[in-house]
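Peer 1:
Structure, rendered in structure tokens:
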């Protein structure tokens, strides 16, 4: 996957780049509107990560530019402004998703992959990981053809884990993902453990393999 | 006490005192003048009588000197110089006494001294004094009436602009729209100035508030980026497999702190947004359906704390921002859960006029004055301490009232539509 990160905060760009760069992924960076438009007109990207507030203009200009060139790549906005109007404007202009700062890199990655899958596999929206097959349209999980019944939270978690496979995901990132717009509680972490325990049990019973390993004190890793 | 009645009372009492003093001076002056006149008459009479006795060598008969009555009394060789006295006589008709002025002097007749007393009635002077008193009384009554009428009619009209300004000040809201200036005050300088001063003050207050608001907004936005950096650095840092358990524990603490920071920021931004009234997702909302959804959303936590929910809803629809009403219900219900006891209960009632949410909890009442203030948080509370402030501000922005009541063992928050 080829990605373009348009963001003027260099330290943040650094982190995003480190997290997203892996086998098969290339990340390029632009710090302002000018260099971003140059890159977009020259190269093709699978996904563009776009900050709204840039030193020489707004990300919305770039959004317009991309749409004008009829580029295929997905666009995900990252912005500190969570005004409903901003969000609607961006989505109306053709952005595929809108993520509010601060966010977890695991969340960003999951969303980029979701956009990428939607854009590249039109028609058959299937995700395969090892022996796990997921029909994204019907929200069904099968293991070697056998249906595995998961609750909504377990299903969400599984997708999140697969998107961030091989990475340690913090409890905080998981809680934020599962209870996105809801009020979270001190008890939310207990609920998280329960959901994880159930998912782990269901997966290992169906595959006789433990995909999830817990990392002491901080989170989980999906292998 | 109103200015109008205060002023009326003062002016009336002052006039009353002045009239009483004036009446007294009148009385004294008239008495003095009439006494002077009487004394002159009596002196003349006295001289006439003395010369009459000299000439005729006898005492005069009463009818020979019109109204003046004279009495003679032998006093031998004693002598009394002529002098005036105030005295009374009893009228012939009955026992009515009449006050009189008299001159007493000595006449010598046939070698014997006689004490001569000539009296004259003061009746005429008394009539005059009565008349003056009556006039004074009538004037006082008239003045009272006049003052009342002026105060009622004229004063009220003159002070009209003042009351309008007062209303305007009472209605003043930092977030509200600017009001039309009060026009009627244009005639009176003081009110003109007051009006002007109020307009300036309102403008200044709004400006200051506006800049404070945009400061909060900008500060919160600016803070989001550093928090995003902290989060992203942590997300990368925990990938390092050489980290020890202690280090990971510390990283988890940093995660929690940055999470709190971002929640706090979001709450502050939300408050600014509510104040700005910049919510465009206004629609007709079925509150009872919303409440049912909310309860479902909180099922996990309700189960884990073993809390029973009694939902008692009549249909009620309001026009408001879907987003804000969602936050309002979330905050109130989560508040009722957060401060509840294990195995406690929550009773939600909704009708045309009111939404009330009651929960069991600690046995002590919360401080009704402080709970809606920013950052007033119970030591046991884990929230951002802005939840109730946000709830109240949402209510205010739609003209609802959010109130708290403690009716042991229930803590009750209710929204009056």
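Chains as they are written, first to last, in this note's numbering: chain A, 1 to 223; chain B, 1001 to 1417. Using N, Cα and C, we set each Cβ at its ideal position, and we do this for glycine too. Keep in mind it's a predicted model, so treat the numbers as computed, not measured.
Answer yes or no: does any C-beta atom of chain A fall closer than 7 Å to that of residue 1391/B?
Peer 2: Cβ-Cβ to chain A under 7 Å: no for residue 1391/B.
Peer 1: When the Cα of residue 46/A is compared with those of 4/A, 8/A, 62/A, 173/A, which residue comes out closest?
Peer 2: Selected option, being the one with the closest Cα: 4/A.
Peer 1: Since I believe residue 1236/B is in contact with residue 1258/B (beta carbons under 8 Å), could you give me their beta-carbon distance rounded to a whole number of angstroms?
Peer 2: 14 Å between Cβ atoms; not a contact.
Peer 1: Taking 7 Å as the CB-CB cut-off, is residue 1304/B touching chain A?
Peer 2: True, the Cβ-Cβ gap to chain A drops below 7 Å.
Peer 1: Taking 7 Å as the cut-off, decide whether the C-beta atoms of residue 1217/B and residue 1272/B are in contact.
Peer 2: It is a contact, given that the beta carbons lie within the stated cut-off.
Peer 1: Starting from the beta carbon of residue 1242/B, find every residue of chain A whose beta carbon is closer than 8 Å, and list them in chain order.
Peer 2: By Cβ distance, chain A contributes nothing, its closest Cβ being about 12 Å from residue 1242/B, past 8 Å.
Peer 1: Name, in chain order, the residues that DSSP records as bridge partners for residue 1317/B.
Peer 2: According to DSSP, residue 1317/B bridges with 1286/B.
Peer 1: Output the distance between the C-alpha atoms of residue 54/A and residue 48/A, rounded to the nearest integer angstrom.
Peer 2: Between residue 54/A and residue 48/A, the C-alpha separation is close to 15 Å.
Peer 1: Quick one: what's residue 1101/B bridged to in DSSP?
Peer 2: Its beta-bridge partners are 1086/B, 1120/B.
Peer 1: State the start and end residues of the unbroken alpha helix (DSSP H) segment that holds residue 1216/B.
Peer 2: Looking at the DSSP string, the run of the alpha helix (DSSP H) that includes residue 1216/B is 1189 to 1237.
Peer 1: Can you list the residues of chain A that residue 1252/B reaches, using a CB-CB cut of under 9 Å?
Peer 2: What residue 1252/B touches in chain A: 170, 171, 172, 217, 218, 219.
Peer 1: Among the residues of its own chain, which have a CB less than 6 Å from the CB of residue 161/A, if the five just before and after it don't count?
Peer 2: Closer than 6 Å at the Cβ level, and outside the excluded window around residue 161/A, lie 222.
Peer 1: Less than 7 Å between CB atoms is the rule here; does residue 1214/B satisfy it with respect to chain A?
Peer 2: So, not an interface residue.
Peer 1: Go through its chain and collect everything with a Cβ distance to residue 1136/B's Cβ below 8 Å, but skip five positions before and after it.
Peer 2: Closer than 8 Å at the Cβ level, and outside the excluded window around residue 1136/B, lie 1019, 1022, 1023, 1026.
Peer 1: Which of the three DSSP states, helix, strand or coil, is assigned to residue 1043/B?
Peer 2: Three-state DSSP puts residue 1043/B in a helix.
Peer 1: If we ignore side chains and look at the alpha-carbon of each, how far apart do residue 1173/B and residue 1263/B end up?
Peer 2: Their Cα atoms are separated by approximately 28 Å.
Peer 1: Can you list the residues of chain B that residue 18/A reaches, using a CB-CB cut of under 7 Å?
Peer 2: Within 7 Å Cβ-Cβ: 1236.
Peer 1: Report the option in 1145/B, 1358/B, 1385/B, 1362/B whose CA atom is closest to the CA atom of residue 1427/B.
Peer 2: What is shown of chain B runs 1001 to 1417, which leaves residue 1427/B out entirely.
Peer 1: Determine the direct distance from the alpha carbon of residue 30/A to that of residue 1394/B, and round the result to whole angstroms.
Peer 2: Distance between the alpha carbons of residue 1394/B and residue 30/A is about 40 Å.
Peer 1: List, in chain order, every chain A residue whose beta-carbon is nearer than 7 Å to that of residue 1255/B.
Peer 2: Within 7 Å Cβ-Cβ: 170, 172.
Peer 1: For the alpha helix (DSSP H) holding residue 1252/B, just list the boundary residues, first then last.
Peer 2: 1245 to 1276 is the extent of the alpha helix (DSSP H) around residue 1252/B.
Peer 1: Let me confirm a value: residue 1037/B is counted as buried when at least 16 other C-beta atoms fall within 10 Å, else exposed. Which label applies?
Peer 2: By the neighbour-count rule (16 or more Cβ atoms within 10 Å), residue 1037/B is not buried but exposed.
Peer 1: Out of 1276/B, 1080/B, 1146/B, which has the shortest C-alpha to C-alpha gap to residue 1210/B?
Peer 2: Among 1276/B, 1080/B, 1146/B, the Cα nearest to that of residue 1210/B belongs to 1276/B.
Peer 1: Between the region 150 to 159 of chain A and the region 193 to 201 of chain A, are three or more C-beta pairs nearer than 8 Å?
Peer 2: Contact between the region 150 to 159 of chain A and the region 193 to 201 of chain A is present, because at least three Cβ pairs lie under 8 Å.
Peer 1: Can you tell me which of the three DSSP states residue 68/A falls into?
Peer 2: The answer is helix: DSSP assigns residue 68/A an H, G or I state.
Peer 1: Under three-state DSSP, which class holds residue 45/A?
Peer 2: Coil.
Peer 1: I'd like to know whether the C-beta of residue 1308/B is nearer than 7 Å to at least one C-beta of chain A.
Peer 2: So no, residue 1308/B is outside the interface.
Peer 1: Report the three-state DSSP secondary structure of residue 216/A (helix, strand or coil).
Peer 2: Of the three classes helix, strand and coil, the one that applies to residue 216/A here is coil, per DSSP.
Peer 1: Find the residues of chain B that neighbour residue 11/A, judging by a C-beta separation of less than 7 Å, and give them in chain order.
Peer 2: Under the 7 Å cutoff, chain B gives 1229.
Peer 1: Could you check whether residue 1362/B and residue 1412/B sit closer than 7 Å to each other, using their CB atoms as the reference points?
Peer 2: No. Outside cutoff.
Peer 1: Consult DSSP for residue 99/A and reduce its assignment to one of helix, strand or coil.
Peer 2: Three-state result, residue 99/A: strand.
Peer 1: Taking one C-beta from the region 1189 to 1206 of chain B and one from the region 1035 to 1051 of chain B each time, how about it: are there three or more such pairs within less than 8 Å?
Peer 2: Output reads no: the region 1035 to 1051 of chain B does not touch the region 1189 to 1206 of chain B.
Peer 1: Interface residues of chain A around residue 1201/B at Cβ under 9 Å?
Peer 2: What residue 1201/B touches in chain A: nothing, since even the nearest Cβ is about 31 Å away.
Peer 1: Could you tell me the alpha carbon to alpha carbon distance between residue 1192/B and residue 1397/B, rounded to whole angstroms?
Peer 2: Residue 1192/B and residue 1397/B: Cα-Cα distance of roughly 32 Å.
Peer 1: Could you work out which residues of chain A lie near residue 1275/B, taking near to mean beta carbons separated by less than 7 Å?
Peer 2: The contacting residues do not exist; residue 1275/B stays about 14 Å from chain A at best.
Peer 1: If you follow the beta strand (DSSP E) that residue 1156/B is in, where does it begin and where does it stop?
Peer 2: Taken as a continuous stretch (DSSP letters only), residue 1156/B belongs to no beta strand (DSSP E), being part of the alpha helix (DSSP H) at 1156 to 1171.
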